[in-house]
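Colleague:
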Amino acid sequence: MNLDLLDNQKNIIDFLNNAKSKDRLAHAYIFEGKKGVGKNELAHYFACMLYSNGEVNFNDNISRLILEDQFLNLFVIYPDGKFIKKEQITSLQEEFSKTSQLEGPRIYIINDADKMNTQSQNSLLKFIEEPPANVYGILCSTNANQILPTILSRCQKIRLKELDNNIVRKILIKKGVNKEIATLLSFITNDIEDGYNLSLDSNILKMFELFKNYFKIKNDKDSNKNFLEINKFLSDNNILKYYVSLLIILYEDLIYLYKGNLSIKLEIYADKIEKLKEKITEEKAISSIEYLYKISNMLDNSNVSVKNVITNLTFNLL
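At position 214 of the sequence shown (counting the first as 1) the number is 242 in this note's numbering, and the numbers step up by one without a gap.
(1) Are three or more beta carbon pairs between the segment 36-46 and the segment 143-157 nearer than 8 Å?
(2) Distance check for isoleucine 195 and aspartate 35, CA to CA, integer angstroms please.
(3) Assuming tyrosine 164 and isoleucine 135 make a contact with CB atoms under 8 Å, what is their CB distance in whole Å?
(4) Taking isoleucine 267 as the reference, give the member of Tyr284, Asn289, Leu238 with the closest Cα.
(5) Just curious, the beta strand (DSSP E) that glutamate 60 is in, first and last residue?
(6) Over what stretch of residues does the alpha helix (DSSP H) that includes serine 227 continue unbroken?
(7) With distances taken between CB atoms, is the gap from lysine 67 to serine 169 smaller than 9 Å?
(8) Taking lysine 113 as part of the beta strand (DSSP E), name the residues at either end of that continuous run.
(9) Compute the Euclidean distance between the alpha carbons of aspartate 97 and valine 104, then round it to the nearest angstrom.
(10) How should lysine 322 be labelled, buried or exposed, when 16 other C-beta atoms within 10 angstroms of its C-beta is the threshold for buried?
(11) Which of the three DSSP states, helix, strand or coil, is assigned to isoleucine 292?
(12) If you check the beta carbons only, do lysine 203 and asparagine 39 fall under 9 Å apart?
(13) Could I get the ranges of all uninterrupted alpha helix (DSSP H) runs contained in the segment 86-164, with 4 residues as the minimum, in chain order?
(14) Could you give the residue range of the alpha helix (DSSP H) that holds isoleucine 317?
(15) Check whether the Cβ atoms of isoleucine 137 and alanine 47 sit closer than 9 Å, and answer yes or no.
(16) Are there 16 or more other CB atoms within 10 angstroms of the CB of phenylalanine 236, so buried, or fewer, so exposed?
(17) Thinking C-beta only, is isoleucine 276 closer than 9 Å to isoleucine 317?
(18) Mind checking who arginine 187 pairs with in its DSSP beta bridge?
(19) Are there 16 or more other CB atoms within 10 angstroms of the CB of lysine 307, so buried, or fewer, so exposed?
(20) Does the beta-carbon of threonine 178 have 16 or more other beta-carbons within 10 angstroms, so that it is buried, or is it exposed?
(21) Once you ignore the five residues that flank isoleucine 292 on each side, which residues in its own chain have a CB closer than 6 Å to its CB?
(22) Where does leucine 167 fall in DSSP's three states?
(23) Starting from asparagine 266, trace the alpha helix (DSSP H) in both directions and tell me its first and last residue.
(24) Out of Asn173, Phe111, Gly64, Ile58, which has the shortest C-alpha to C-alpha gap to isoleucine 220?
(25) Could you check what DSSP says for glutamate 359 in three-state terms: helix, strand or coil?
(26) Apart from the five residues just before and just after glutamine 184, which ones in its own chain have a Cβ nearer than 6 Å to its Cβ?
(27) So the alpha helix (DSSP H) serine 230 belongs to, where does it begin and stop?
(28) Using a threshold of 9 Å, state whether the C-beta atoms of isoleucine 132 and asparagine 89 are closer than that.
(29) When the Cα atoms are used, what is the spatial distance from leucine 187 to lysine 244?
(30) Are there 16 or more other CB atoms within 10 angstroms of the CB of methionine 29, so buried, or fewer, so exposed?
(31) If you follow the alpha helix (DSSP H) that tyrosine 73 is in, where does it begin and where does it stop?
(32) Mapping the DSSP letters down to three states, classify glutamate 83 as helix, strand or coil.
(33) When you compare the CB positions of leucine 327 and tyrosine 279, do they come within less than 9 Å of one another, or not?
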């Protein structure tokens with residue numbers, strides 16, 4: 029569990045705290061968002077909030093137990109294999125039918141709720157239709173459309189923001205990733221776990237080196253040499269997608285500089301991008317980025333020839 033992810037969801041946290049203070053909490057919520065944005069963390073924050081008199085303190089005894097899924101009044105479900113099975117929902121119902129040994133609200137969290145099979149969803153529906161007093165539920169989902177409409181109608185849906193690039197970079201650096209690598213990774217993934225795994229991938233690191241070599245290109249000969257290296261290496265469609273996405277950011281930053289906007293994304297390469305203005309006109313930058321967008325769309329087609337894409341890049345950029 030990475031509590032730093034909560035920094036990106038402050039608006040939702042304020043909303044939930046405000047609802048609690050006004051006694052307007054719903055009995056069931058759906059936290060929807062992409063993988064890695066902090067749905068599980070926010071659900072556990074919600075549970076801690078219910079037992080906090082003021083600001084949540086993750087170091088107090090109850091919060092520590094909640095974060096470790098060890099609190100008596102908390103029931104957490106994770107998929108059993110590929111699915112959440114009916115037996116898991118039945119266990120939840122049986123547990124909450126008993127009198128709790130501890131005073132206070134009871135909370136259940138269902139992670140990957142969209143992985144409930146039909147039987148488990150129908151079983152949960154009966155539970156949500158007539159919720160026990162002082163019971164709160166959180167369903168975490170990447171795709172709420174997979175959940176029965178009858179369940180959706182009984183929950184308040186909250187959409188989590190995608191992670192900000194700066195937060196991804198900050199967390200990756202905390203995990204020991206080199207600052208420059210963490211910055212580049214933050215532009216190709218919003219998933220911390222995915223980003224950390226990519227930081228250990230030699231192919232990704234080689235791709236970053238090839239991207240940085242782009243700043244060294246002085247003429248057509250250098251351009252051809254650079255893309256020949258890419259042609260040898262970037263046989264993987266996904267890695268080429270990452271490479272193209274970084275080129276798009278680079279050309280966007282170049283256009284920003286031409287427009288007088290000094291706030292660029294690749295700030296760590298600001299001096300190098302400034303020098304590119306000596307070789308690339310504003311008109312060329314605009315036509316190049318339009319071309320890169322087309323290439324990016326082409327790469328979404330699994331049948332596209334990577335070699336052809338790289339050849340086209342060679343003759344249409346710089």
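All C-beta atoms in this analysis are idealised placements derived from N, C-alpha and C, irrespective of residue type, glycine included.
Modeller: Considering the structure as presented:
(1) A contact between stretches requires three or more CB pairs, one per stretch, nearer than 8 Å, and the segment 36-46 fails this requirement with the segment 143-157.
(2) So the two alpha carbons sit approximately 8 Å from each other.
(3) About 5 Å separates the beta carbon of tyrosine 164 from that of isoleucine 135, a gap short enough to meet the 8 Å contact definition.
(4) Answer by Cα proximity: Leu238.
(5) Where glutamate 60 is concerned, the enclosing beta strand (DSSP E) stretches over 56-60.
(6) DSSP places serine 227 in the uninterrupted alpha helix (DSSP H) bounded by 220-227.
(7) Yes, Cβ-Cβ distance for lysine 67 and serine 169 is below 9 Å.
(8) Note, lysine 113: premise wrong, no beta strand (DSSP E); not H, not E.
(9) Their Cα atoms are separated by approximately 7 Å.
(10) By the beta-carbon neighbour count (other beta carbons within 10 angstroms, threshold 16), lysine 322 is exposed.
(11) Three-state result, isoleucine 292: coil.
(12) The Cβ atoms of lysine 203 and asparagine 39 do not sit closer than 9 Å to each other.
(13) Counting only runs of at least 4 residues, the segment 86-164 fully encloses the following alpha helix (DSSP H) elements, listed from N- to C-terminal order: 89-95, 114-125, 146-157.
(14) Isoleucine 317 -> alpha helix (DSSP H) spans 310-327.
(15) No, the Cβ-Cβ distance between isoleucine 137 and alanine 47 is not below 9 Å.
(16) Sixteen is the threshold: when 16 or more other Cβ atoms of the shown chains lie within 10 Å of the Cβ of phenylalanine 236, as they do, the residue is buried.
(17) Their beta carbons are under 9 Å apart, which means isoleucine 317 touches isoleucine 276 by this criterion.
(18) Answer by DSSP bridge pairing, in chain order: Glu60.
(19) So lysine 307 counts as exposed.
(20) When all chains shown are included, threonine 178 counts as exposed.
(21) If we look at isoleucine 292 and ignore the five residues flanking it on each side, its Cβ neighbours are Asp281, Tyr284.
(22) Three-state DSSP puts leucine 167 in a strand.
(23) Residues 265-286.
(24) Comparing alpha-carbon positions, the option among Asn173, Phe111, Gly64, Ile58 lying closest to isoleucine 220 turns out to be Gly64.
(25) No answer is possible for residue 359: it lies beyond the span of the chain, which begins at 29 and ends at 346.
(26) Excluding sequence neighbours, glutamine 184 sits near Ala54, Tyr57.
(27) Note, serine 230: alpha helix (DSSP H), 230-241.
(28) One point to set straight first is that residue 132 is glycine, not isoleucine, in the sequence displayed. Not a contact, by the Cβ cut-off of 9 Å.
(29) Strictly speaking, residue 187 in this sequence is arginine, with leucine absent from that position. Rounded to whole angstroms, arginine 187 to lysine 244 spans 42 Å at the Cα level.
(30) That one is exposed.
(31) Following the DSSP letters along the chain, one finds tyrosine 73 inside the alpha helix (DSSP H) bounded by residues 67-78.
(32) Coil.
(33) No, these two residues do not count as a Cβ contact at 9 Å.
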